[in-house]
Amino acid sequence: MDPSELDQINAFLEGDSELREKIKDQVNEFDKKARKMVGLLNRIHFTPTDALPALLESVKPILNDCQAVIKALADSVPPNQFWRWKDMWSNSLRTAVFAAVLVEYLSSGQLASLQQVSEQLGMKEEWKDRVTLTVEDYLQGVISVVNELSRLAVNSVTLGNFDQPIKISAFVKDLFVGFSMLNLKNDTLRRRFDSLKYDMKKIEEVVYDVSLRKLTSVPTLTST
Amino acid sequence: MASSDIRTTFQSFRDDIDAYNDRRERLIKASRDITNLSKKTIFLLHRLVLENAESLDDREVYLAAAKKGYEKLREVQNAYAGLRAELEADMFWRYERQVSPGLQEYIEALSFAWYLEHGSLIPFSEVQKSISDSDGKAYFPLTVADYLLGLSDLTGELMRFAISGLSRKGGRKKAMEVCAFVRTCKADFDRFTPFIYELRKKQSVTTQSLEKIEDTVYAICVRSSEYDLPPEMLDDIVGSISQSSRSKRGDEDEE
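Top to bottom, those sequences are chains L and A.
Position 107 of the first sequence, counting from 1, maps to 129 under my numbering, and the rest follow consecutively.
Position 239 of the second sequence, counting from 1, maps to 248 under my numbering, and the rest follow consecutively.
Take a look at the structure:
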């Protein structure tokens, strides 16, 4: 190879690896925030219903902080190279989606849409070739929420909230119908979707227990 | 979101996922076709340099072979022109893993033809130019990794080229040239292995190819040292013997 060509390629590769380091640092920051939110959200399992809003409020500022990190990522990634680098941060991003969706569900009982989450995380349309929230990342986050809710169904009963499992059950069923509409190939999303049925089963068992014992105020098929 | 909204939302997710999978399949198929075409071109080049035998000058044989090779590779270039819309903007990096294998095979074939024509490595810019339209706009960006990995496969072809060409006139001299060339390639690529993971694996194949050529060149040197004759004369002696044995066998067949 011609020496100038050799140097050019070398410089190019060095540039790439510097960029990788830079993004890695930003992802570390992102990851810290994501973990912090997960830590806080773990408390939903032992926080009484009336104290829940305050807990959820404490997560929101961290969600907002994610905007700065995501903006920094968007500034680092070269145009059109979103898919080249996205694997580096998709774990953190999915965790952030998980936090946003869970907080929204526990606050309003609604599923936060992809659009809503993406706005909450400060994603901008004009960056979408550099940083964006993909369907896959969003759905992965949503599945994590379902995993968490099956646990919450059990623990809310322990806390004396007998209506929570009934609400969770209805919500998760809707989501399951949604997921069943997708043509998934054999990838991680498919495997995680397959795990949803165990969450459903677990939630159903709780619903069964509380309904049979007439512990719930929500009318269900078994109590009518 | 109410239940009915969830359904509409997931419907749009389904479209999104389906579109991705369909495009991915299309690109895998296209890439497989490109791999096949490129492999055929490589075989063609090997055949052409061996066939167009002794009457012509080496240089002319190589140039003619390279020309035919380029012609054949135009089919690949046309295929890439057709994929342009599939790989626009941020799409290239989304499907890079599907495109890469065919692209590397293409670069291997192209660089072989280039070597026959110029006796050197094809520069990055030339490869990119070959997959660009007449205005010089690239169908998609060429990555340094694909470029280097494609070139890395070239060394295997050169080993075949050197060894199967030994029996030709001037084949021994050629083998030594190729040996030196592959040696520089290996040294050049070694510098890049920390950056590109797959290159490390390919380098060990390159090393094997290099050793095969080196062993061959060694044998040539050892044997020719026993005769105090210039290499061209040795070529002529060996050539005339194999020629006469061939015609003798031809006589027998006729009987």
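For glycine and all other residues, C-beta sits at the position ideal for the given N, C-alpha and C.
Within 9 Å (strictly less), CB to CB, does residue i reach chain A?
i                      : result
residue 203 of chain L : yes
residue 190 of chain L : no
residue 158 of chain L : yes
residue 128 of chain L : no
residue 36 of chain L  : yes
residue 39 of chain L  : yes
residue 186 of chain L : no
residue 151 of chain L : yes
residue 116 of chain L : no
residue 218 of chain L : no
residue 214 of chain L : no
residue 106 of chain L : yes
residue 207 of chain L : yes
residue 143 of chain L : no
residue 181 of chain L : no
residue 161 of chain L : yes
Which chain L residues sit within Cβ distance under 7 Å of residue i?
i                      : result
residue 123 of chain A : None at all; the shortest Cβ gap to chain L is about 13 Å.
residue 130 of chain A : 23
residue 116 of chain A : Near residue 116 of chain A there are no residues of chain L at all, since even the closest Cβ is about 14 Å away, more than 7 Å.
residue 153 of chain A : 31, 34 and 35
residue 189 of chain A : Ordered by position in chain L, no residue passes the 7 Å Cβ test against residue 189 of chain A, which lies about 14 Å from the chain.
residue 25 of chain A  : 157
residue 197 of chain A : 23 and 28
residue 52 of chain A  : What residue 52 of chain A touches in chain L: nothing, since even the nearest Cβ is about 26 Å away.
Below 8 Å on the Cβ atoms is my guess for residue i versus residue j; work out the distance and round it to an integer in Å.
i                      : j                      : result
residue 221 of chain A : residue 185 of chain A : 14 Å between Cβ atoms; not a contact.
residue 78 of chain L  : residue 128 of chain L : 6 Å
residue 114 of chain A : residue 36 of chain A  : Contact flag wrong, Cβ pair sits at about 15 Å.
residue 221 of chain L : residue 194 of chain L : 7 Å
residue 174 of chain L : residue 66 of chain L  : 6 Å
residue 39 of chain A  : residue 92 of chain A  : 6 Å
residue 125 of chain A : residue 54 of chain A  : 7 Å
residue 160 of chain A : residue 137 of chain A : Contact doesn't hold; Cβ gap of about 13 Å is too wide.
residue 198 of chain A : residue 225 of chain A : The Cβ separation is near 21 Å, so there is no contact.
residue 68 of chain L  : residue 177 of chain L : 7 Å
Does the distance from the CB of residue i to the CB of residue j come in under 9 Å?
i                      : j                      : result
residue 117 of chain A : residue 84 of chain A  : no
residue 80 of chain L  : residue 117 of chain L : no
residue 43 of chain A  : residue 89 of chain A  : yes
residue 157 of chain L : residue 92 of chain L  : no
residue 120 of chain A : residue 163 of chain A : yes
residue 158 of chain A : residue 213 of chain A : no
residue 124 of chain L : residue 179 of chain L : no
residue 122 of chain L : residue 139 of chain L : yes
residue 155 of chain A : residue 112 of chain A : yes
residue 102 of chain L : residue 170 of chain A : no
residue 23 of chain L  : residue 130 of chain A : yes
residue 188 of chain A : residue 223 of chain A : yes
residue 54 of chain L  : residue 110 of chain L : no
residue 48 of chain L  : residue 115 of chain L : no
residue 171 of chain L : residue 190 of chain L : yes
residue 57 of chain A  : residue 177 of chain A : no
residue 52 of chain L  : residue 88 of chain L  : yes
residue 217 of chain L : residue 169 of chain L : yes
residue 231 of chain A : residue 31 of chain L  : no
I want to see whether chain L comes within less than 9 Å of residue i, judged by CB atoms only; does it?
i                      : result
residue 157 of chain A : yes
residue 105 of chain A : yes
residue 193 of chain A : yes
residue 200 of chain A : yes
residue 45 of chain A  : no
residue 205 of chain A : yes
residue 99 of chain A  : yes
residue 133 of chain A : yes
residue 3 of chain A   : For residue 3 of chain A there is no data in the structure shown, the boundaries of chain A being 10 and 264.
residue 262 of chain A : Residue placement at residue 262 of chain A is flagged as unreliable, the pLDDT there being 46, under the threshold of 50; a coordinate-derived value is accordingly withheld.
residue 87 of chain A  : no
residue 219 of chain A : no
residue 126 of chain A : no
residue 170 of chain A : no
residue 75 of chain A  : no
Show which residues of chain L have a CB atom less than 8 Å away from the CB atom of residue i.
i                     : result
residue 12 of chain A : 196 and 199
Residue i versus chain A: which residues are under 8 Å apart at the beta carbon?
i                      : result
residue 251 of chain L : A question about residue 251 of chain L goes unanswered here, because the residues of chain L that appear run from 23 up to 246.
residue 103 of chain L : 99 and 102
Identify the contact partners of residue i in chain L, using a Cβ-Cβ distance below 9 Å as the criterion.
i                     : result
residue 18 of chain A : 133, 135, 136 and 200
Quick check: is any heavy atom of the ligand ATP less than 8 Å from the C-beta of residue i?
i                     : result
residue 82 of chain L : No copy of the ligand ATP appears in this structure; indeed no ligand is present at all.
Quick one: which chain D residues come within Cβ less than 7 Å of residue i?
i                      : result
residue 149 of chain A : Any reference to chain D falls outside this structure, whose protein chains are L and A.
Validate contact between the segment 132-149 of chain L and the segment 175-184 of chain L using beta carbons, cut 8 Å, 3 pairs: With the cut-off at 8 Å, the segment 132-149 of chain L and the segment 175-184 of chain L do not touch.
Cβ contact check for the segment 141-160 of chain L and the segment 186-201 of chain L: 3 or more pairs under 8 Å: With a cut-off of 8 Å on Cβ pairs, the segment 141-160 of chain L is not in contact with the segment 186-201 of chain L, counting fewer than three such pairs.
Touch test, the segment 15-23 of chain A against the segment 200-216 of chain L, Cβ-Cβ under 8 Å, three pairs minimum: A contact between stretches requires three or more CB pairs, one per stretch, nearer than 8 Å, and the segment 15-23 of chain A meets this requirement with the segment 200-216 of chain L.
Cβ contact (3+ pairs, closer than 8 Å) linking the segment 198-214 of chain A and the segment 30-39 of chain L: Because the criterion of three Cβ pairs below 8 Å is met, the segment 198-214 of chain A and the segment 30-39 of chain L touch.
contact_flag[the segment 216-230 of chain L, the segment 23-35 of chain A] where n(CB pairs < 8 Å) is 3 or more: No: the two stretches stay apart, fewer than three of their Cβ pairs being nearer than 8 Å.
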